[in-house]
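According to the working numbering, the residues represented by the sequence shown are 273 to 489, in order. C-beta atoms are modelled at their ideal positions from N, C-alpha and C, and glycine is treated no differently. To start, the structure itself, in structure tokens.
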Amino acid sequence: MSRAPLDLSLYLVTDTGMTRRHGLSTTIRAAVAGGATVVQLRDPDASDEEFLALGLLARRALDGARSAAPLIVNDRVHLAERIGADGAHVGQSDLAPEAARAMLGDTAYLGLSCTSAEQVRAAAELPAGTVDYLGLGPVWATPSKVDHATPVGVDGLAELVAAATLPSVAIGGIDPARAAAVLATGVDGLAVVSGICSADDPQVAARDLADQVGAAR
């Protein structure tokens, strides 16, 4: 395994509908300029062809910004290489982590969503090197994912963080007003969708969140 540690401080998850305001490329460039350390491309409604086009657009945006932020694809593990992504993220009902790792090879990153302590413990039982980090939540209800699991709240998040043996990011309804409470659980970073994608100025929104992560350390 030859993967450098991920900086999960501020993890942008894109939403195609929300990024139409500024455009996907502009939103991504603004977010990384503001301090986003990872970019995940997510669009569950897109066809593979549409997702591939979005992925190539995201790749060009990051390369054009000369950003070191890794590009992660949500679910579409089979498209990661064609996009030039640095890794993938899967949920509990997506491709199994072991199968995803086999497709990605040893150099790509792999994240796994967990909504319960049982799932967190199961992730710890996977062969070493299968998964690089966990996405924990949702902490609160979120408009970016209508079929999300029951929100765990800050106390529930703290329990998941305590059970985790891998680095983790919290997701679900996180905005600047809630960031401090989330970071107090010991989670390694904040995964944000609407808080950046729907912002009047995605760069300013990202900078506000990144500053809070920095202050919490």
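When secondary structure is reduced to three states using DSSP, Val285 falls in the strand class. Note: Ala389 is not bridge-paired with any residue in the DSSP secondary-structure output. Contact between Ser466 and Thr414 is confirmed by a C-beta separation of about 7 Å, below the 8 Å threshold. For Ala380, there is no enclosing alpha helix (DSSP H), as DSSP marks it with neither H nor E.
Ile468 carries a helical assignment under DSSP once its states are collapsed to helix, strand and coil. For Ala452, there is no enclosing beta strand (DSSP E); the enclosing alpha helix (DSSP H) covers residues 448 to 455. Asp335 and Pro342 have their alpha carbons spaced roughly 10 Å apart.
Distance from the CA of Val411 to the CA of Glu353, rounded to the nearest whole angstrom, comes to 31 Å. Where Leu406 is concerned, the enclosing beta strand (DSSP E) starts and stops at 405 to 408. Around the beta-carbon of Val362, 16 or more other beta-carbon atoms lie within 10 Å, marking it buried. Residue pairing from DSSP places Ala463 in a beta bridge opposite Tyr283, Ile443.
For the pair Asp447 and Leu481, the Cα-to-Cα distance works out to about 8 Å. Take Ala302, set aside five residues on each side of it, and the residues of its chain with a beta-carbon closer than 6 Å to its own are Pro474, Gln475, in chain order.
Under the three-state reduction of DSSP output, Ala357 falls in the coil class, being neither helix nor strand. Between the segment 275 to 288 and the segment 450 to 466 there are three or more inter-stretch CB-CB distances shorter than 8 Å, so the stretches are counted as touching. Bounds of any beta strand (DSSP E) do not take in Gln475; it lies within the alpha helix (DSSP H) bounded by 474 to 488. By the 16-neighbour rule on beta-carbons within 10 angstroms, Thr422 is exposed. Here the alpha carbon of Asp404 sits roughly 21 Å from the alpha carbon of Gly327. When DSSP assignments are scanned along the segment 307 to 350, the uninterrupted stretches of beta strand (DSSP E) that are 3 or more residues long and fall wholly within it turn out to be 310 to 313, 343 to 346.
Here DSSP, grouped into helix, strand and coil, assigns Val411 to coil. Leu432 sits close to Ala389, with the two beta carbons spaced by under 8 Å.
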